[in-house]
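*Asks:* Chains as they are written, first to last, in our numbering: chain A, 1 to 334; chain B, 335 to 668; chain C, 669 to 1299; chain D, 1300 to 1930. Ideal Cβ positions, reconstructed from N, Cα and C, are used throughout, including at glycine. Nothing here was measured: the structure is a model prediction, and the numbers come from that model.
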Ligand SMILES: Cc1ncc(C[n+]2csc(CCOP(=O)(O)OP(=O)(O)O)c2C)c(N)n1
Ligand SMILES: Cc1ncc(C[n+]2csc(CCOP(=O)(O)OP(=O)(O)O)c2C)c(N)n1
Ligand code: SF4
Ligand code: SF4
Ligand SMILES: [Mg+2]
Ligand SMILES: [Mg+2]
């Protein structure tokens, strides 16, 4: 992570390319959040790289004035891994979509997370394939009618955070496109050493308008947003409800504060370092956990280990090709 | 699932092909367990299909006298999905390894599980790539020295059961090659409607001898085996230890019965239908949970849904090509 | 009010090429499609070419957000959407900017002046207003404030500004119907069906349509703008419809599966321009079709292979990058000798390339793009309607020879529509697949038909015939794994020979037009069909002895091809790639085939092909900038 | 006790071919390797061919568990491991069964009778004991109970039965050393090093080695079994070592990276026979090498591309099925014009095929196997030692032309060892890569070298040069996404031209042996080098004017090739595939190249090549069953 004079601003992270998303697309807000975050955390355009796959979301790198690589569908985590291992001093961000990252690219996502390569992964979840014009994705709801599911999708959706936890991810967070807290999440991801996975709920007004309205809407949103804070009880953004655990059954329920004598003390307290807790709250029925679900900074970082082995080898000497060729049995013919 | 006269025996499920695993390989025991299980559950060779990828484990189908398909590396779940969707009346088993199923094939495993296709997946986990002569796999321990990791692997391993749970699997079980209970697990998997995932710890005496000794050894094994029974407290096979949960911190610990006043009543009680519990015990520090970790028979089955949509369409009539071509605007030239 | 359409004096034209162009949001594809339907109903022959922007919904008013639809209609047999439009409808400045260069000088230009605001002019990159700066002088301009007239026409329907504005494509369509003497009836019907749930909206659109028409009838058309008529084409009698390639292909595959007596399993992962094939098949569940949207292309083909193993017809469809991913699994289908149809709807490459543009650059990949000696059958459809026949043929060959068949289409065929004379399904010969239903003496899974070399196809579930297949080399006499050197040699030869025998089962090479032994033969494949045919006709009309041969069988090549080609002085191979069929012909036939290549994401124009033929005949110099000769 | 080795009367031989064969557990590869080292130290020229079973550890005594190692050594320049063994060591009945057919009639057969139990005979499928049924009469048999003699020789070391039995390969080696007059010294040294932690075991093995040697010295050898001597070969002076292809390739890549001044990133997923390349590079971390065992082949190549984007030399290695999976990503490297080296260690195909057997059947895939017009550079190594040079050359071309380079090797080259005269690294010309370090006037990422067309390579981290690359078509003049038709045409041409220009930077086509304009030229590529060279020499020795041309540059083909080939009456192309280079030559050069194909997972024998050349010259009839002519 690089520091620079605080003179940089959002503008310094905006490229000269015209932004080509549909009017009203949630991607605009995410882009703006990123362009605002980077100067704040002291990133520099020249040491920052955005690597993406294919999808509407994956056009993101073109709009950043940093280095960027718009690769192929699903493979961004692997490209980014090669880049980060060989250039650990760079800040590497992966931009992906629910199709790019969880359908064709699911395996690379799994493996970058389990290796804990020190990079940030932002998954734009609009529950649809935007770029190919609206087929259902691995996060689409059952019954979703799309051109490829004319009588409704029968695929059970997956929860991106749970997939990440299952892959042994050490940083799992969730936000949404137009949220004010998005820069904070990007900042937390940036500051985490290891793979930081951030799911961003994103509205696609063209093919899946309003799927997240329940959570992101100004009016009804706060009732359903469960912003997490480490060490604090889990209360919805409107302050009215909370999450309670039955320790016997290990089941959670959403309860109304004040109803039936429920107080803040009855609620689950967030502990960012507890993977089981993160699992538990990652897929709640009525409310959506937002913020940092899980953070384990103690795990070894993959690129550190690569560097350590290289250092060790270098200290033993080497690099002499002639000596290499002549190692083992050789003989002279005269 | 097909019933047949109980006259079939292990022999009826053994093919005429010579079994070509290394002497002492754990695969032999798994094969025998399968050949014993199938007649017991009333399966028939002609309606049973084994689909595998590539690896030592994936040679399995050749040794069964059923139908079999030895496909390509990592893709067996996808091949099996196509087969099962189009032929739901067949019993389809997927045989895979820790490399085949979790490395190259991780994404197909994820998606077959989330879709909940009605088939059984047996993953032979020997924590190594056997067939290619001993490179480390996604389940190998950090520090494992292999030809491709001469100074020790730096890849953090994944826990197959957690990957499965993260993928929204509805049946997750674990056993080991030489265990007497293995047929019971295969039976439970067979009887489950939906994707049944069974991890089998398997010894590779040639490239990874003894990695599971702590669990599978006659002597020390019982101390570390936590055989799960639905509704029963979690006690190790030697009866001496158990698993206790701190409901405040959601942390578990392994405790000794009788020590510090710990009794059976303090222990966690297994509930097969609780995914969070399954997650919690899937990767315990001192003991290994064995048996059925999770079972949710309530989830819709993918191939049922496919059939339902087909039925619905068929009832509306159709199948007339001439009518199809003439649907929409047509005109006559005379 | 003026007299009805049919009684007015109209200028007679043999053919017209119109391009509709506007913002992605302006509904140009819809306008084009409706104009096409009405034109087809008039009895003209026609061909169309939709040209979408790459962006889903580019910001309004930008040049890269322009959506176009070209239609060519005539009183005679035509095969291409036309080289250059003679009529351009430009709904905004960006549409004018992008499309004006294509319009023939003196062409008719219909402009919606209502969209020529300063802001839109800026977005399109105009510093001066072309309506005012004289730059449109070479054209016949019909400048109308369509926006305002539309709003006026629908004001009684209380639509709200946005919805009202959206009716302007219908207004324009009404005017175009008047100018070119087409009936509004089919569009009115369609509107009422489409907006059945919102009759007010339906009637507003009808009103806009009528208003445009009335405008044409009553307004004083400027000097040089007439009203036109194109007589009926002499088409073969029969029932016709418009069809695009992906729909025709979907229907062909379904028809093929029925002729084979098999359920169809379609495994796919969305990709432009193949996605609509998935969409089309997803609607055909009542035809014993199962569609499976897989997690990626590998899973898609693997699932199709699994379905074929189970006794269904496994089909998978994609575009070039997807075929690349499927390569390893296709090898498995070859090694296990299972039927499989792989549809490749080609697009511009390499890599992501130009996803929305057309190209023919996957021929090498289709014929030679696999590890090991891995032959399969390669077919190519020549026109949208041909996709139906080739779909059936792919199924026939895959099941008869127990082999994967790669069927090549492209973005041009997939998206453009042509009138198609509907066949009768009962005229097709069924080719039912016979599966064993019980034990067979001496059975093993490598048994094969002595004539076709097709391997025995036994469905799991069959008592007594349990067996195992896989991608490791199999013994020719047992089906068991075999590492025997001679066996591998024999099996490699057998796989090659099996595919080679398909040549005995398909038509011999014949000329599409022209006579054997002439000065030059143009050899094409795929979507260049129409352009080549017309270009050859033009040159022949000048008395030159040239011919056209169009390949539908790319691998194996048809019998008699070498002899036929060697009879010509020159062999010219036009392709929308950097030279692939020319290489294939040279490699296989040792003939001096010379490429003519255009890699611009756009179909050949008839004129550039005709000019190149003439250049090679020593008549004319070489044409166009982005077309190259390759030898 | 007899006099020491050097004073005994030995029969002089010009060359000997020995095959060691036994159970996988018998240590035959080790025996062969030690024999090879001792032979190399004697100054003979040599070539070896290990032949592993496909199973990791097949059950003892089975025919499919037999492991073989063949060595050919001579007093002159040899290039192949020999057509047929003259000496066969058979450690058990299965080894005899599998290998006897290859032994020349009258050859020497050394048999461990201790393993000829009823059980082992059954496992090998012998109904009668070949030691007793007279079937070995055509050979000179030396039947010894090696098992018993070994156990006796190590009894003082208290090893336990299993470990003691394992020493029998050393006993055998001792005997072979005596018979062929090789020194035990290098093996003794090796044993003491290898078992440094268990000196007792080391000495037990030394004792077994010595006992075998003493047996030879003292036992009465039967009629017809002599002791032999092969004089030193006249090798070019220098320092030599044995090397197999994958080691040499690993070293070549590392050397190339040093010459370019770049760190090397190797991304790979294990696959036979490429895995040992990963193993070799994993040990070279001190050479600025990072190896990454990826989750699959796609991730492996993608990571290598990411590393190249970051300024490292990205390399990925695999075999045919892995290349298939990498296809789409290789297209990305082509489109983004990043350097990338792809090593394809070929094996038998299609699909899983024959993983442990050799083949040359990925040439089509290498040259033509991608979607879109997607050219890259294709090189092929001819011998194990050549892998070093081609590794360097691949790096040079990839970095200079900013292009992926596919380097073809195969299972035969990868595993067999040959003595290799070590070059001096200082004799290689460095080709350092220059990266910009700061802002550049008018910079954009599509800037290129006007001569090589190599695109500018800027490392992220460079101030002022931030840019974006990707797989969508890029404007030639800006590097920004471009959907412009003319630009796509130009870029496609440019990508093709860039790769074509490599032909100006590599040696012109030259004959490896023979003179231009003869009766027949044999054109080969890859591991057929030695066999072709020797076969051509044999036919030339009979006075026929034939020649040999061996291609290391498969794409682009070298300059001057067409003219050179056209000078010959016949062009014969032997390949271990079903005909690929012959097609390539016909397609590109329009010459009548005719294939000679062996697809048996085994290298050509010199004799079968020589016979085919003679047949084509009209001298002799066609040979062998599993070799076919293809035209
Ligand atoms: C190999 C390959 N397969 C398929 C495609 C087509 N494709 C492009 S983007 C995409 C899915 C996009 O969905 P998502 O990742 O959710 O991104 P969004 O557009 O919704 O932001 C698909 C299927 C492709 N480009 N490459
Ligand atoms: C596409 C492809 N890549 C690589 C391989 C080589 N390969 C075969 S099996 C295997 C791994 C086997 O490991 P695992 O799945 O754990 O099975 P095991 O042999 O341990 O039972 C690999 C890498 C292959 N056959 N195909
Ligand atoms: S299609 Fe949806 S996700 Fe894509 S740019 Fe448009 S609104 Fe955004
Ligand atoms: S290598 Fe290991 S896993 Fe493979 S057969 Fe041998 S013992 Fe079993
Ligand atoms: Mg999406
Ligand atoms: Mg394994």
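With a threshold of 7 Å between beta-carbons, can residue 1766 (chain D) be considered close to chain C, or not?
*Replies:* Not closer than 7 Å to any Cβ of chain C, the Cβ of residue 1766 (chain D) fails to qualify, so no.
*Asks:* Ligand 3 and residue 130 (chain A): does any heavy atom of the ligand fall closer than 6 Å to the residue's C-beta?
*Replies:* Yes, ligand 3 has a heavy atom inside 6 Å of this Cβ.
*Asks:* Please name the residue, chosen from A:218, A:98, A:68, A:190, that lies closest to residue 161 (chain A) on a Cα-to-Cα basis.
*Replies:* Residue A:98 is the option with its Cα nearest to residue 161 (chain A).
*Asks:* Determine, using beta carbons only, whether residue 1423 (chain D) and residue 1362 (chain D) come nearer to each other than 7 Å.
*Replies:* Taking 7 Å as the Cβ cut-off, residue 1423 (chain D) and residue 1362 (chain D) qualify as a contacting pair.
*Asks:* For residue 1362 (chain D), return the contacting residues in chain C, with the cut-off set at a CB-CB distance below 9 Å.
*Replies:* Result: empty, since nearest Cβ-Cβ is about 10 Å, beyond 9 Å.
*Asks:* Following the continuous alpha helix (DSSP H) through residue 1055 (chain C), name the residue where it begins and the one where it ends.
*Replies:* Where residue 1055 (chain C) is concerned, the enclosing alpha helix (DSSP H) stretches over 1052-1069.
*Asks:* Please state the DSSP three-state secondary structure of residue 526 (chain B).
*Replies:* It is coil, neither helix nor strand.
*Asks:* Just tell me which of A:305, A:66, A:247, A:248 has its CA closest to the CA of residue 17 (chain A).
*Replies:* That would be A:66, whose Cα lies nearest to the Cα of residue 17 (chain A).
*Asks:* Near residue 1079 (chain C), what residues of its chain come up, given a Cβ to Cβ distance below 6 Å and the 5 sequence neighbours on each side ignored?
*Replies:* Same-chain partners within the cutoff: 941, 1015, 1026.
*Asks:* How do the region 1397-1415 of chain D and the region 1334-1346 of chain D stand: do at least 3 beta-carbon pairs fall below 8 Å, yes or no?
*Replies:* The answer is no - the region 1334-1346 of chain D does not touch the region 1397-1415 of chain D, with fewer than three Cβ pairs under 8 Å.
*Asks:* Taking 6 Å as the cut-off, is the C-beta of residue 98 (chain A) nearer than that to any heavy atom in ligand 5?
*Replies:* Residue 98 (chain A): yes, Cβ under 6 Å from ligand 5.
*Asks:* In chain order, what residues of the region 403-420 of chain B put their CB closer than 7 Å to some CB of chain C?
*Replies:* Answer set for the region 403-420 of chain B: 403, 404, 405, 406, 409, 412, 413, 414, 415, 416, 417, 419, 420.
*Asks:* Can we count residue 361 (chain B) as close to ligand 4, meaning its CB is less than 6 Å from some heavy atom?
*Replies:* Result yes, Cβ under 6 Å from ligand 4.
*Asks:* State the Cα-Cα distance for the pair residue 1537 (chain D) and residue 355 (chain B), rounded to the nearest angstrom.
*Replies:* When rounded, the distance between both Cα atoms is 46 Å.
*Asks:* In three-state terms, what does DSSP make of residue 1788 (chain D)?
*Replies:* Three-state result, residue 1788 (chain D): helix.
*Asks:* For a contact defined as C-beta to C-beta under 7 Å, what are the partners of residue 1784 (chain D) on chain C?
*Replies:* What residue 1784 (chain D) touches in chain C: 1268, 1269, 1270, 1294.
*Asks:* Please confirm whether any heavy atom of ligand 1 lies closer than 6 Å to the CB of residue 343 (chain B).
*Replies:* Answer for residue 343 (chain B): no, Cβ out of range of ligand 1.
*Asks:* At a cut of 8 Å, does the region 396-414 of chain B reach the region 435-453 of chain B through at least three beta carbon pairs?
*Replies:* Yes, the region 396-414 of chain B is in contact with the region 435-453 of chain B.
*Asks:* Just to make sure I have the definition right: I need the residues of chain A whose C-beta is within less than 7 Å of the C-beta of residue 946 (chain C). Which are they?
*Replies:* In chain order: 148.
*Asks:* Note down the Cα distance separating residue 751 (chain C) from residue 1084 (chain C), rounded to an integer number of angstroms.
*Replies:* Rounded to the nearest angstrom, the two C-alpha atoms are 15 Å apart.
*Asks:* Among the residues of its own chain, which have a CB less than 7 Å from the CB of residue 533 (chain B), if the five just before and after it don't count?
*Replies:* Once the five neighbours on either side are set aside, the close Cβ partners of residue 533 (chain B) are 457, 459, 494, 495, 508.
*Asks:* How long is the line joining the alpha carbons of residue 478 (chain B) and residue 469 (chain B), rounded to whole angstroms?
*Replies:* Approximately 9 Å between the Cα atoms of the pair.
*Asks:* Just checking residue 203 (chain A) against ligand 5 - is the residue's beta carbon closer than 6 Å to any of the ligand's heavy atoms?
*Replies:* No, since every heavy atom of ligand 5 falls outside the 6 Å radius drawn around the Cβ of residue 203 (chain A).
*Asks:* With residue 1897 (chain D) as the anchor, note down where its beta strand (DSSP E) starts and where it stops.
*Replies:* Taken as a continuous stretch (DSSP letters only), the beta strand (DSSP E) holding residue 1897 (chain D) covers 1892-1897.
*Asks:* Is the distance from the Cβ of residue 1332 (chain D) to the Cβ of residue 329 (chain A) below 7 Å?
*Replies:* It is not a contact, given that the beta carbons lie outside the stated cut-off.
*Asks:* Count the other C-beta atoms from every protein chain shown that fall within 10 angstroms of the C-beta of residue 830 (chain C), then say buried if there are 16 or more, exposed otherwise.
*Replies:* Counting Cβ neighbours within 10 Å, residue 830 (chain C) comes out exposed, since fewer than 16 surround it.
*Asks:* Using the Cβ count rule (16 or more neighbours within 10 Å means buried), how would you classify residue 1250 (chain C)?
*Replies:* Burial call: buried.
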